[in-house]
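Worksheet: one structure, shown below.
2 protein chains.
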Amino acid sequence: MPTALPAATSVNEPPLDPALLSQIESALADFLAAQDLPSNLRAACLHAVLAGGKRLRPILVLESALAAGGSVGDAMPAAIAIELVHAFSLVHDDLPALDNDTMRRGKPTCHVAFGEAMAILAGDCLLALAPVAAASAKHHAAEIQRELMSGTVRMIAGQVYDTLQGFPEGLPPARQVELVHHNKTGALLEASCRMGALAANAQHGALEGLTRFGKATGLMFQIVDDLIDATQTAEHAGKATGKDADLGKLTYPGIHGLEGSRAEIQRLRGEAESGLASLGSRGDRLRALLDFLATRTK
Amino acid sequence: MPTALPAATSVNEPPLDPALLSQIESALADFLAAQDLPSNLRAACLHAVLAGGKRLRPILVLESALAAGGSVGDAMPAAIAIELVHAFSLVHDDLPALDNDTMRRGKPTCHVAFGEAMAILAGDCLLALAPVAAASAKHHAAEIQRELMSGTVRMIAGQVYDTLQGFPEGLPPARQVELVHHNKTGALLEASCRMGALAANAQHGALEGLTRFGKATGLMFQIVDDLIDATQTAEHAGKATGKDADLGKLTYPGIHGLEGSRAEIQRLRGEAESGLASLGSRGDRLRALLDFLATRTK
């Protein structure tokens with residue numbers, strides 16, 4: 044059974060196990076070092092993957108596996124696979140034809156540092172490497188790869204809905220924002236939890252519970268993001284805020300208001316907690332993570 | 044045992060089984076129709092996948108499976124998976140930041156028809172869908188997915204070598220062109236044959252033989268392409284020729300001359316044939332395909 048997580052010292056410091064985080068960093072670096080790649084492509088991939096970041100998705104994979112009675116070792120292939128997908132998505136989203144962002148985490152984005160052609164190819168390479176990493180899973184490797192890539196397709200669909208439309212005809216805005224959020228952010232967070240459970244060879248009940256937890260947590264995560272964007276000063280949120288509204292993007296607070304958004308966050312938090320019920324105290328570390336994700340202010 | 048293929052009526056008409064081709068077209072259309080995608084993303088994916096093309100890679104998957112004693116049905120998930128990867132690679136290679144091509148097979152390329160943002164995302168989507176398709180394979184699904192994505196990584200590496208360099212320091216040009224060809228074109232053709240063998244649950248000897256066939260055929264295919272580019276008139280080759288030399292690209296004839304290239308094609312053809320030896324008459328259709336690929340002039 045996993046030990047308790049260190050208590051968060053502030054509302055914006057996630058309660059993460061530093062040992063797990065350092066294992067993730069090593070596994071990512073080792074996996075990329077083992078690939079036979081052109082030197083410039085390798086440099087661009089390393090720039091994208093080892094540039095910091097919260098590692099929320101691999102943490103969810105590992106914590107879900109632990110909660111289901113599995114081991115970190117068995118779940119690590121799935122954990123690094125999902126982070127490779129996340130890194131790919133950031134590289135491509137930053138491209139000039141998409142969000143056209145030049146800085147990320149205080150460093151130049153991939154296309155600024157390596158050129159647009161390389162950023163496209165490095166993103167492609169990270170996406171293709173992800174199922175290669177997942178293929179090493181001891182249990183349910185094919186199912187984990189399918190889960191990973193189905194979640195990735197949904198994430199891409201969410202990015203299309205968010206920036207290029209393509210909604211079913213006549214869909215009301217409240218359903219549109221739900222479709223964007225469930226796909227763009229929710230899909231990979233839900234997939235993280237399911238992949239962890241599969242890697243742990245979890246029994247049906249635990250897989251169902253972690254799926255419910257992941258789905259509710261994923262949607263909640265994005266509504267919290269929207270709320271931060273709508274209410275915080277730029278300094279507090281650590282990035283430009285009010286950007287969504289300026290861009291005319293669909294947001295949860297824009298449709299349901301601030302109070303409606305806060306109520307939905309609480310509802311989803313309860314839903315996520317109920318998914319953990321059957322895990323008993325093995326779910327404690329995921330509960331702590333959920334508390335952080337529900338209350339963070341940046 | 045597969046029946047004999049129809050005889051090719053000209054050196055440039057591949058000896059393909061029309062029934063297999065029509066099964067591939069249906070399977071691709073059915074798979075894409077079953078995906079839950081935004082309407083505009085679906086249209087861009089269909090534009091990229093159902094725009095014609097020789098379907099050489101899925102044909103190699105299916106013919107390899109048949110040669111190894113398997114069935115078309117068991118190999119179809121792998122066949123459509125590899126064609127999705129091929130379609131992804133064309134969409135991204137055509138992008139303005141890469142080859143900047145505006146027409147393909149007589150139709151506007153994806154980014155011309157749907158915009159650059161959509162072309163990036165549609166390529167990503169096709170790449171992510173490929174292992175989802177392959178996950179339905181009855182035998183060795185995880186291994187087929189790994190083969191597919193490892194081949195894809197090598198193809199991307201080959202594109203980087205070809206257009207952005209990144210070679211190991213001091214590598215002589217003759218080795219550079221081999222690295223480009225083995226990766227950029229050879230990797231997916233070799234993977235096609237291996238995936239077919241795995242899908243057929245082939246015995247070790249057949250898998251080894253088909254791997255040898257696929258590796259030699261893949262490299263030969265690209266040298267034939269180079270030779271056509273270097274020697275044919277534009278009208279005969281069906282596309283602009285001499286383009287490689289104009290771009291200063293590394294080509295096999297550019298380094299080894301026309302005679303050296305022809306000799307290497309014959310050597311690789313023999314190597315590919317020897318890979319089929321242990322399959323006896325079950326390898327006949329792959330032999331016919333090899334003859335076509337070695338002698339085509341466009």
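Protein sequence lines correspond, in order, to chains A and B.
All residue numbers for the first sequence refer to our numbering, where the first residue is 44 and numbers rise by one.
All residue numbers for the second sequence refer to our numbering, where the first residue is 44 and numbers rise by one.
Positions of the beta carbon are idealized from the N, C-alpha and C atoms, including for glycine.
It should be emphasised that the depicted structure is a prediction, and the values quoted were computed from it without experimental measurement.
Note that the stretch 214-222 of chain B does not touch the stretch 84-93 of chain A; fewer than 3 beta-carbon pairs, one per stretch, sit closer than 8 Å. In the structure shown, the three-state DSSP call for K150 (chain B) is strand. For Q66 (chain B), the three-state secondary structure derived from DSSP is helix. Exclusion of the five residues before and after A110 (chain A) leaves L322, R325, G326, L329 as the residues of its chain whose Cβ lies within less than 6 Å of its Cβ. Residue contact with chain B for A185 (chain A): present (Cβ-Cβ distance below 8 Å to some residue of chain B).
From the beta-carbon of L172 (chain A), the residues of chain B found nearer than 8 Å are M192, V196. The C-beta of C168 (chain A) comes closer than 8 Å to at least one C-beta of chain B.
If you check the CB distance, G261 (chain B) and E233 (chain B) come in under 8 Å. Using a Cβ-Cβ distance cut-off of 8 Å, the stretch 175-189 of chain B and the stretch 143-157 of chain B are not in contact, since fewer than three pairs of beta carbons, one from each stretch, lie closer than that value. Listed along chain B is no residue with a C-beta nearer than 9 Å to that of N244 (chain A); the closest approach is about 15 Å. Counting along the chain, the unbroken alpha helix (DSSP H) around A110 (chain A) starts and ends at 99-110. If you compare the alpha carbons of B:S65, B:L84, B:L293 with that of I199 (chain A), the shortest gap goes to B:L84. Comparing alpha-carbon positions, the option among A:Y295, A:G239, A:L99 lying closest to A180 (chain A) turns out to be A:G239.
If the five residues before and after A273 (chain B) are omitted, its C-beta is found closer than 6 Å to the C-beta atoms of P296, all from its own chain and listed in chain order.
In this model, A242 (chain B) and A243 (chain A) are separated by some 27 Å (Cα to Cα). Here the alpha carbons of S82 (chain A) and C236 (chain A) stand approximately 34 Å from one another. In this structure, the straight-line span from the alpha carbon of L164 (chain A) to that of F74 (chain A) is close to 18 Å. Cβ-Cβ distances below 6 Å link L336 (chain A) to F264 in the same chain, with the five nearest sequence neighbours on each side left out; the list follows chain order. Interface annotation for the stretch 64-81 of chain A against chain B: Q78, D79, L80, P81, criterion Cβ-Cβ distance under 8 Å.
Put simply, the backbone Cα of V175 (chain B) is about 18 Å away from that of P120 (chain A). For Q275 (chain B), there is no enclosing alpha helix (DSSP H), as DSSP gives it neither H nor E. With a contact defined as Cβ atoms closer than 8 Å, L170 (chain A) and D167 (chain B) qualify at about 7 Å.
Comparing alpha-carbon positions, the option among B:R98, B:A87, B:H225 lying closest to P58 (chain B) turns out to be B:R98. Rounded to whole angstroms, the gap between the alpha carbons of L231 (chain A) and A124 (chain A) is 11 Å. If you ignore the 5 residues before and after V267 (chain A), its C-beta comes within less than 8 Å of the C-beta of I308, L336, A337, R339, all in its own chain and listed in chain order. Going by DSSP, A77 (chain B) is part of no alpha helix (DSSP H) at all; its letter is neither H nor E. Under the Cβ criterion of 8 Å, I125 (chain A) is not counted among the residues facing chain B. In this structure, DSSP gives K258 (chain B) a helical state, which the three-state scheme calls helix. In the displayed model, K227 (chain A) falls within a helix according to three-state DSSP.
Straight-line measurement puts the Cα of P101 (chain B) at about 7 Å from the Cα of I67 (chain B).
A straight-line Cα-Cα distance of about 6 Å links A178 (chain A) and R189 (chain B). Taking 8 Å as the threshold, the shortest C-beta distance from T206 (chain B) to chain A falls below it. Of the candidates A:C153, A:A108, A:S114, A:H224, the residue whose Cα lies closest to the Cα of A130 (chain A) is A:C153. Around H225 (chain A), the same chain offers L262 as residues with beta carbons nearer than 7 Å, after the five sequence neighbours per side are excluded. One alpha carbon belongs to A320 (chain B), the other to G252 (chain B), and they sit about 8 Å apart.
Within the same chain, R328, L329 come within 6 Å of E106 (chain B) by CB-CB distance, once the 5 residues on both sides are set aside.
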